[in-house]
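A.B. asks: One structure, pasted below without further comment.
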Amino acid sequence: MPNTIVKLLLFPFLLEGEARIWLDKEPPRSILTWEDLVSKFINQFFTPSKTTYLRNEIINFLQKSNETFNEAWERFKDLLRQCPHHGFSELHQLDTFYNAINPNDHDALDSATGGNSWIRFPANVYRLLKASQKLDTQGVES
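In this text, residue positions in the sequence shown follow UniProt numbering: the first is 1, and each later residue adds one.
Structure representation (structure tokens):
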């Protein structure tokens, strides 16, 4: 069974509240593919103005002066999750974040990734950021 069919069959069990009510009100056989479901869901819960607002929040992201690197990264990822249809490539996301962090964190990221080589290997940077978060979390727990 194709992955998209499995997702389509399991999706209703993940919903609650307003999203569940919306899906239950959809006419029978009005959603036949995963793409149909995604399109209808986004149109229902993300107005064009909300999408524009969230995309602008992502584009204009800046690390706060009292915010650690990991806090900024988490907040940035939260913005991306709030707008799952943002359409920004992985490279664009990393570039936006990189240009939004403070100079000290900028230098630390450059050092950890070997300068701007991170642009050519965005997946490596994601792994580095994830590892950095694990270390930070372990340091807090100790």
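We put the beta carbon where it would ideally sit given N, CA and C, even for glycine.
Values in this document were obtained by computation on a predicted structure and should not be read as measured data.
#1: Which whole runs of the alpha helix (DSSP H) in the segment 12-63 are 4 residues long or more, in chain order?
#2: Return helix, strand or coil for A72, following the three-state DSSP convention.
#3: Could you have a look at P111 and say whether DSSP puts it in helix, strand or coil?
#4: State buried or exposed for A72, treating a residue as buried only when at least 16 other CB atoms are found within 10 Å of its CB.
#5: On the three-state DSSP scale, how would you describe H85?
#6: Could you give the DSSP three-state label for P103: helix, strand or coil?
#7: Taking C-alpha atoms, which residue in Q63, L8, L62 and I58 lies nearest to residue 211?
#8: Quick one: using the 10 Å Cβ neighbour count with 16 as the cut-off for buried, is I59 buried or exposed?
C.D. replies: Here's the rundown:
#1: 17-25, 34-45 and 48-59
#2: The answer is helix: DSSP assigns A72 an H, G or I state.
#3: The sequence shown places Ser at residue 111, rather than the Pro named in the question. If DSSP states are grouped into helix, strand and coil, S111 belongs with the helices.
#4: buried
#5: coil
#6: helix
#7: Nothing about residue 211 can be read from this structure; the chain reaches only from 1 to 142.
#8: exposed
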